[in-house]
Amino acid sequence: MAFRLVPRCFLFTSFAPKFSKRSFSSYVSSDSNEHSPANELQLEFTEDLTPSLPSLKTSNDANMVAKLLIEHHDPYHVMKSALLHLNGIRISSELVQQTLVRLKNVPKIALGFFVWAKEQQPGYRHDVVAYDMLIDIMGKVQEFDVAWQLILEMDQLGVKPTSKTFGILFRRLIAAGLTRQAIRAFDDMERFIETETGREDFVYLLDTLCKYGYAKLATEIFNQRQFRFEPDTQMYTVLISGWCKMNRPEMAEKFFREMVDHGLEPNVVTYNVLLNGICRRSVLHPGTRFEGILQKAENLLDEMQKRGIEPDVTSYSIVLHVYSRAHKPDLSLDKLSSMKEKGICPTVATYTSVIKCLCSCGRLEDAEEILNEMVANGVSPSPTTFDCFFKEFRARKHADNAFKLYKKMEDLSCTPSLYTYNTLIGAFSRLNKMEIVREIWNDMKENGAGPDSDSYTLLIHGLYEKQKWGEACEFVVEMIESGFHPQKITLETLYKGLIRADMLTSWRRLKKKLEAV
Numbered sequence: 057m058a059f060r061l062v063p064r065c066f067l068f069t070s071f072a073p074k075f076s077k078r079s080f081s082s083y084v085s086s087d088s089n090e091h092s093p094a095n096e097l098q099l100e101f102t103e104d105l106t107p108s109l110p111s112l113k114t115s116n117d118a119n120m121v122a123k124l125l126i127e128h129h130d131p132y133h134v135m136k137s138a139l140l141h142l143n144g145i146r147i148s149s150e151l152v153q154q155t156l157v158r159l160k161n162v163p164k165i166a167l168g169f170f171v172w173a174k175e176q177q178p179g180y181r182h183d184v185v186a187y188d189m190l191i192d193i194m195g196k197v198q199e200f201d202v203a204w205q206l207i208l209e210m211d212q213l214g215v216k217p218t219s220k221t222f223g224i225l226f227r228r229l230i231a232a233g234l235t236r237q238a239i240r241a242f243d244d245m246e247r248f249i250e251t252e253t254g255r256e257d258f259v260y261l262l263d264t265l266c267k268y269g270y271a272k273l274a275t276e277i278f279n280q281r282q283f284r285f286e287p288d289t290q291m292y293t294v295l296i297s298g299w300c301k302m303n304r305p306e307m308a309e310k311f312f313r314e315m316v317d318h319g320l321e322p323n324v325v326t327y328n329v330l331l332n333g334i335c336r337r338s339v340l341h342p343g344t345r346f347e348g349i350l351q352k353a354e355n356l357l358d359e360m361q362k363r364g365i366e367p368d369v370t371s372y373s374i375v376l377h378v379y380s381r382a383h384k385p386d387l388s389l390d391k392l393s394s395m396k397e398k399g400i401c402p403t404v405a406t407y408t409s410v411i412k413c414l415c416s417c418g419r420l421e422d423a424e425e426i427l428n429e430m431v432a433n434g435v436s437p438s439p440t441t442f443d444c445f446f447k448e449f450r451a452r453k454h455a456d457n458a459f460k461l462y463k464k465m466e467d468l469s470c471t472p473s474l475y476t477y478n479t480l481i482g483a484f485s486r487l488n489k490m491e492i493v494r495e496i497w498n499d500m501k502e503n504g505a506g507p508d509s510d511s512y513t514l515l516i517h518g519l520y521e522k523q524k525w526g527e528a529c530e531f532v533v534e535m536i537e538s539g540f541h542p543q544k545i546t547l548e549t550l551y552k553g554l555i556r557a558d559m560l561t562s563w564r565r566l567k568k569k570l571e572a573v
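Using the numbering used here, read the sequence shown as starting at 57 and increasing by one per residue.
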């Protein structure tokens with residue numbers, strides 16, 4: 057049956073995410089607040105099965121195209137105002153892919169560009185990678201009708217969807233809570249890819265369900281389809297991980313026993329998942345006695361070794377995270393020494409857990425020694441590593457130390473996260489170091505990390521404390537123009553301040569801005 061993607065007018069107006077007046081770099085760098093699987097430890101203890109898509113690469117042409125589209129967009133005619141500027145651009149697969157990477161957070165513009173690009177150059181046809189990217193972008197904003205239309209168009213044009221295409225689709229469906237639709241997409245996959253659904257695809261379906269908190273449904277699907285996909289260690293490990301995430305250790309242990317009873321040998325990943333399940337209780341229930349959790353973790357490490365499975369860096373990192381939560385600095389340092397003696401090289405997660413523990417216990421000099429060791433061993437600190445220090449410096453009002461460490465991040469080419477920037481803006485604002493705040497603010501904008509609503513709120517309230525009402529008013533206006541709505545207390549405080557400063561005209565102008573939102 058002939059199928060055609062719905063008319064252009066529908067594609068451009070069928071959904072309308074709210075566009076804000078933000079810089080081009082902030083669209084490229086930021087990501088929407090989509091629902092994502094929680095991973096409190098921030099440790100990769102299971103294989104990442106997520107289909108990979110092209111990442112951001114240097115491309116002047118893609119930068120120019122994306123910038124023109126974002127800065128000249130018309131909400132009702134996405135390509136209209138930018139068309140005049142795009143004449144002469146040579147369309148290629150690389151250009152399309154890199155432009156879509158830059159437009160991932162503006163789905164309507166991404167879709168408009170995709171439709172426009174395929175009609176511009178004789179002989180050019182979007183490849184499967186471009187379709188996969190746009191399906192992912194559409195799925196992220198839950199435009200699943202458009203995603204399916206793209207798959208049907210691929211089929212019609214002979215650009216065959218792959219199992220990766222469907223993996224992207226059902227991951228987005230599961231993330232949106234549409235689990236039954238995801239399973240139907242999995243079942244429909246064979247009809248499009250014209251090969252049998254493989255074991256890897258089934259494992260990915262189970263893994264995605266578990267990561268998003270649907271372990272019960274994953275178990276149901278696993279039990280129903282055992283006749284087709286023979287259970288193996290990886291499948292059981294995925295289910296064990298899912299039940300651990302649901303804080304159901306008894307179910308995790310049940311599947312572990314079932315796996316062993318079926319003659320399947322657990323591996324280091326299986327044990328790490330169980331270990332994480334035990335230690336996760338210290339995250340979810342900080343009131344639980346840490347000693348009991350630590351003992352269970354140590355017992356599991358002993359069991360691993362009795363089976364001839366040596367704990368790896370992830371095993372140690374999980375345990376070190378619990379030591380950190382329990383404020384056991386000496387145990388943390390002992391465990392770090394122990395793993396190094398066994399020839400296991402600590403990772404950024406390992407070092408960060410130890411540094412966090414030392415910082416929270418006030419042993420900042422020891423923490424700095426570990427940071428220096430980390431750098432000397434070629435392990436690059438992450439923003440989270442530095443956050444451990446900044447949190448303590450903020451509590452102790454050590455402005456000079458915090459600023460020195462911020463500069464050290466620059467020297468190590470470690471770009472702060474938005475959380476780090478906000479922590480520093482809040483800390484230096486409270487210490488009335490507004491010159492430093494402005495420097496950090498400009499760095500944040502230049503790096504494309506922010507600002508977000510919290511950034512503006514922290515800066516504005518810092519200006520309030522200095523009674524800089526005019527400057528605060530300017531940032532409130534910028535905040536509104538950037539698509540963020542100030543909190544009630546922010547506006548009330550500003551109103552009172554402007555009245556006291558005899559700046560009522562500024563308030564009236566601001567009020568008009570608010571009414572126009």
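Just so you know, even glycine gets a beta-carbon here, dropped at the ideal spot from N, CA and C.
According to DSSP, simplified to helix, strand and coil, what is VAL162?
Within the sequence shown, residue 162 is the residue found at index 106, counting from 1. Assigned with DSSP and collapsed to three states, VAL162 falls in coil, not helix or strand.
Exposed or buried, PRO367, counting other C-beta atoms within 10 Å across all chains shown (16 or more means buried)?
By one-based count along the sequence shown, residue 367 stands at place 311. By the neighbour-count rule (16 or more Cβ atoms within 10 Å), PRO367 is buried.
Going by C-alpha distance, which of ILE492, LEU190, GLY233 is nearest THR221?
Here residue 221 corresponds to residue number 165 of the sequence shown, with the count starting at 1. Ranking ILE492, LEU190, GLY233 by CA distance to the CA of THR221 puts LEU190 first.
On the criterion of 16 or more Cβ atoms from any shown chain inside 10 Å, does VAL316 qualify as buried, or is it exposed?
As a position in the sequence shown, residue 316 is number 260, starting the count at 1. Around the Cβ of VAL316, a 10 Å sphere holds fewer than 16 other Cβ atoms; the residue is exposed.
Backbone CA spacing between LYS196 and LEU151 [nearest angstrom]
In the sequence shown, the residue the question calls residue 196 occupies position 140. In the sequence shown, the residue the question calls residue 151 occupies position 95. Whole-angstrom Cα-Cα distance: 22 Å.
If you reduce the DSSP assignment to three classes, tell me which class SER371 lands in.
As a first step, residue 371 must be located in the sequence shown, where it is residue number 315. Here SER371 sits in helix by DSSP.
Measure the C-alpha to C-alpha separation of PRO439 and LEU331 and round it to an integer number of angstroms.
One-based indexing of the sequence shown puts residue 439 at position 383. One-based indexing of the sequence shown puts residue 331 at position 275. Computed Cα separation, rounded: 26 Å.
Grab the span of the alpha helix (DSSP H) containing HIS517 for me, first residue to last.
One-based indexing of the sequence shown puts residue 517 at position 461. First-last of the alpha helix (DSSP H) with HIS517: 509-521.
To which residues of the same chain is ARG565 closer than 7 Å at the C-beta, ignoring the five residues directly before and after it?
The sequence position of residue 565 within the sequence shown is 509, counting from 1. When the five nearest sequence neighbours on each side are left out, no beta carbon in the same chain lies closer than 7 Å to the beta carbon of ARG565.
Where does VAL62 land, buried or exposed, given buried means 16+ other C-beta within 10 angstroms?
Sequence index remark: in the sequence shown, residue 62 carries index 6 (1-based). Because VAL62 sits at a pLDDT of 42, beneath the cut-off of 50, its placement in the model cannot be relied upon, and the point is left open.
Look at the Cβ atom of LYS160, then the Cβ atom of ILE193, and state whether they are nearer than 7 Å.
For the purposes of this step, residue 160 is taken as the residue at position 104 of the sequence shown. For the purposes of this step, residue 193 is taken as the residue at position 137 of the sequence shown. Yes, the Cβ-Cβ distance between LYS160 and ILE193 is below 7 Å.
Under DSSP, the alpha helix (DSSP H) around THR471 begins and ends at which residues?
The residue given as residue 471 occupies position 415 in the sequence shown. Counted as a single uninterrupted DSSP element, the stretch harbouring THR471 is not any alpha helix (DSSP H), since DSSP gives it neither H nor E.
Using a Cβ-Cβ cut-off of 6 Å (strictly less than) and excluding sequence neighbours within five positions of VAL121, which residues of its own chain qualify?
Position 65 of the sequence shown holds residue 121. Once the five neighbours on either side are set aside, the close Cβ partners of VAL121 are THR155.
Simplified DSSP state of SER409, which is helix, strand or coil
Looking up residue 409 in the sequence shown gives position 353. The answer is helix: DSSP assigns SER409 an H, G or I state.
Cβ neighbours of SER473 in the same chain (closer than 7 Å, five flanking residues each side left out)
Here residue 473 is taken as the residue at index 417 of the sequence shown, counted from 1. Here the set comprises PRO439, ALA505.
Using the C-alpha atoms, what's the distance from LEU376 back to ARG313?
Residue mapping note: residue 313 aligns to position 257 of the sequence shown, counting from 1. Residue mapping note: residue 376 aligns to position 320 of the sequence shown, counting from 1. In this structure, the alpha-carbon of ARG313 lies about 27 Å from that of LEU376.
Counting C-beta neighbours from all protein chains within 10 Å, is the total for SER297 16 or more, i.e. buried, or is it exposed?
Along the sequence shown, read from residue 1 onward, the residue named residue 297 stands at position 241. SER297 is buried by the Cβ-count criterion.
Span of the alpha helix (DSSP H) holding SER45?
Residue 45 lies beyond the stretch modelled for the chain, which goes from 57 to 573, so this question has no answer here.
Following the continuous alpha helix (DSSP H) through PHE222, name the residue where it begins and the one where it ends.
Position 166 of the sequence shown holds residue 222. Per DSSP, PHE222 belongs to the alpha helix (DSSP H) from 219-231.
Between the C-alpha atoms of MET592 and LYS174, what's the straight-line distance to the nearest angstrom?
The structure shown does not extend to residue 592, since the chain is modelled only from 57 through 573, so no value can be given for it.
In angstroms with no decimal places, state the Cα-to-Cα distance between GLN212 and PHE248.
For the purposes of this step, residue 212 is taken as the residue at position 156 of the sequence shown. For the purposes of this step, residue 248 is taken as the residue at position 192 of the sequence shown. One C-alpha to the other measures close to 10 Å.
Same chain only: Cβ atoms within 6 Å of ASP32, ignoring 5 sequence neighbours per side:
Lying outside 57 to 573, the shown extent of the chain, residue 32 is not represented and no answer is given.
Compute the beta-carbon to beta-carbon distance between ASP443 and THR479, rounded to the nearest angstrom, for a pair I have assumed lies under 8 Å.
Along the sequence shown, one-based indexing puts residue 443 at 387. Along the sequence shown, one-based indexing puts residue 479 at 423. ASP443 to THR479, Cβ: 6 Å. Contact.
Just mark LEU560 as buried or exposed, buried being the case when its beta carbon has 16 or more other beta carbons within 10 Å.
Taking the sequence shown and counting its residues from 1, one reaches residue 560 at position 504. In the assembly as shown, LEU560 is an exposed residue. Its beta-carbon has fewer than 16 other beta-carbons within 10 Å.
Work out the CA separation of GLY168 and PRO110 for me, nearest whole Å.
Residue numbering aside, residue 110 sits at position 54 when the sequence shown is read from its first letter. Residue numbering aside, residue 168 sits at position 112 when the sequence shown is read from its first letter. In a straight line, the C-alpha of PRO110 is about 20 Å away from that of GLY168.
Starting from the Cα of ILE374, find the closest Cα among ASP386, VAL404, THR403, CYS335 and give me that residue.
In the sequence shown, residue 374 corresponds to position 318, counting from 1. Looking at the Cα atoms, CYS335 is the closest of the given residues.
Across the segment 444-462 and the segment 406-423, are there enough close Cβ pairs to call them in contact, namely three or more that are closer than 8 Å?
Remark: three or more beta-carbon pairs, one from each stretch, lie closer than 8 Å, so the segment 444-462 and the segment 406-423 are flagged as touching.
What three-state label does DSSP hand GLY300 in the structure shown?
To locate residue 300, count along the sequence shown from 1; it is residue 244. For the record, residue 300 in the displayed sequence is Cys; it is not Gly. Three-state DSSP puts CYS300 in a helix.
Below 7 Å between beta carbons: does that hold for THR441 and ILE411?
By one-based count along the sequence shown, residue 441 stands at place 385. By one-based count along the sequence shown, residue 411 stands at place 355. Their beta carbons are under 7 Å apart, which means THR441 touches ILE411 by this criterion.
Give the single residue among ASP558, TRP172, VAL162 whose Cα lies nearest to the Cα of ILE145.
Counted from its first residue, the sequence shown places residue 145 at position 89. Closest by alpha carbon: TRP172.
Do you know how far the Cα of ALA528 is from the Cα of MET490?
Within the sequence shown, the letter at position 434 stands for residue 490. Within the sequence shown, the letter at position 472 stands for residue 528. If you take the alpha carbons of MET490 and ALA528, they lie about 12 Å apart.
ALA238: which of GLU425, ALA382, HIS128, PHE226 sits nearest, CA to CA?
Position 182 of the sequence shown holds residue 238. The shortest C-alpha separation from ALA238 is found at PHE226.
If you measure between the beta carbons of ALA271 and MET302, is that distance less than 7 Å?
Counting from one through the sequence shown, the residue named residue 271 turns up at place 215. Counting from one through the sequence shown, the residue named residue 302 turns up at place 246. At a Cβ-Cβ threshold of 7 Å, ALA271 and MET302 count as neighbours.
Within the continuous alpha helix (DSSP H) that includes ALA353, where are the two ends?
Position 297 of the sequence shown, counted from the first residue, corresponds to residue 353. Under the DSSP assignment, ALA353 falls in the alpha helix (DSSP H) whose first and last residues are 346-362.
Can you have a look at ALA432 and say buried or exposed, based on whether 16 or more other CB atoms are within 10 angstroms of its CB?
Residue numbering aside, residue 432 sits at position 376 when the sequence shown is read from its first letter. It is exposed - the Cβ of ALA432 has fewer than 16 other Cβ atoms within 10 Å.
Between VAL378 and PRO402, how many whole angstroms is the CB-CB distance? I'm expecting something under 8 Å.
The sequence position of residue 378 within the sequence shown is 322, counting from 1. The sequence position of residue 402 within the sequence shown is 346, counting from 1. At roughly 16 Å, the Cβ-Cβ gap does not stay under 8 Å, so VAL378 and PRO402 are not in contact.
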